[in-house]
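The block underneath contains the structure these notes are about, expressed in structure tokens.
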Amino acid sequence: MNNWNCRSDVDSVAAALCMGIFLVNASDKDFPLLSRLSTIVEILEKRRGSWRIPIGQINRLQRKLPAEKFSDKKESLPIAGLPFQTGTIFTFNTFGPEGSKFQYDTHGHSFVSVVEFNTPPRAFSVMAFGQSRDPKSIHYFDQAPLYAKRQFKPAWFTDDEVRKNAIESYLPGKRKQSTSKQSVGE
Numbered sequence: 000m001n002n003w004n005c006r007s008d009v010d011s012v013a014a015a016l017c018m019g020i021f022l023v024n025a026s027d028k029d030f031p032l033l034s035r036l037s038t039i040v041e042i043l044e045k046r047r048g049s050w051r052i053p054i055g056q057i058n059r060l061q062r063k064l065p066a067e068k069f070s071d072k073k074e075s076l077p078i079a080g081l082p083f084q085t086g087t088i089f090t091f092n093t094f095g096p097e098g099s100k101f102q103y104d105t106h107g108h109s110f111v112s113v114v115e116f117n118t119p120p121r122a123f124s125v126m127a128f129g130q131s132r133d134p135k136s137i138h139y140f141d142q143a144p145l146y147a148k149r150q151f152k153p154a155w156f157t158d159d160e161v162r163k164n165a166i167e168s169y170l171p172g173k174r175k176q177s178t179s180k181q182s183v184g185e
């Protein structure tokens, strides 16, 4: 870990070890971090056959309904986020269900935005999953690939930008009118 650039990329083994330090319960009054590192190395070797496992092969982003459980058999994306204690922008706190080979997201940053205060202002954002809570919506999981890659989409700032990029718009009491079929990230 001495040569680690302190970046968490999905292919980073050092990031996985860093994450593990915050997840394991191990203490040694003289060297607590070393004790935690030793414990996570032991756990990875026992469960995966090696401690050299990239964080993206451990951390997974999976959208589920509240009544559902995380499952290694369902769609998930590799994530490079780290626990909130590390101070990362893409905070990603995880939980490893019994018998699972992955750690799944339990909470963290659900929305990240960057704004350039210029004339005109420019804004970019991303949500961990998507804008909709409806599993049938195209916006249920559509931003997840961007979030997983730590990429942003334009956040439309002006009325013209909002109108130009609207998929549909309506006034209460009036019929909805579709304006476009554009999806996030296009």
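Position 87 of the sequence shown, counted from 1, bears residue number 86 in numbering that gives the first Met the number 0, the numbering being contiguous throughout.
Glycine residues also receive a C-beta, built at the ideal position from the N, C-alpha and C atoms.
Closest residue to residue i among the options (Cα-Cα distance)
i      : options                      : result
Asp141 : Pro82, Val125, Ala154        : Val125
Pro119 : Lys72, Thr157, Ala66, Pro65  : Thr157
Arg47  : Phe83, Leu32, Gly98, Asn164  : Gly98
Ile54  : Gly80, Lys72, Pro65, Lys73   : Gly80
Arg35  : Gly129, Lys100, Ser49, Ile20 : Ile20
Val9   : Gly129, Ser37, Arg59         : Arg59
Residue interval of the beta strand (DSSP E) (run including residue i)
i      : result
Arg59  : 58–60
Ser124 : 121–126
Glu74  : Element bounds for Glu74: n/a, residue is neither H nor E.
Ser112 : 110–115
Status (buried if at least 16 other CB within 10 Å, exposed otherwise) for residue i
i      : result
Phe110 : exposed
Phe94  : exposed
Cys17  : buried
Ile166 : exposed
Ala15  : buried
Ser189 : The requested residue 189 is not part of the displayed model; the chain covers only 0 to 185.
Boundaries of the alpha helix (DSSP H) in which residue i is found, first to last residue
i      : result
Thr157 : Taken as a continuous stretch (DSSP letters only), Thr157 belongs to no alpha helix (DSSP H), as it is neither H nor E.
Lys9   : This sequence places Val at residue 9; Lys is not what is there. Run containing Val9: none; DSSP gives neither H nor E here.
Ser49  : Note, Ser49: premise wrong, no alpha helix (DSSP H); not H, not E.
Beta-bridge pairing of residue i - partner residues as DSSP gives them
i      : result
Thr85  : Bridge partners of Thr85: none, in fact.
Tyr146 : Tyr146 pairs with nothing; no bridge assigned.
Thr93  : Asp104
Closer than 8 Å to chain D by CB, residue i
i     : result
Asp71 : As a matter of chain content, chain D is missing from the structure shown, which is built from one protein chain.
Practice item. Could you tell me whether the region 81–100 touches the region 163–171, using the rule of 3 or more Cβ pairs below 8 Å? Key: no
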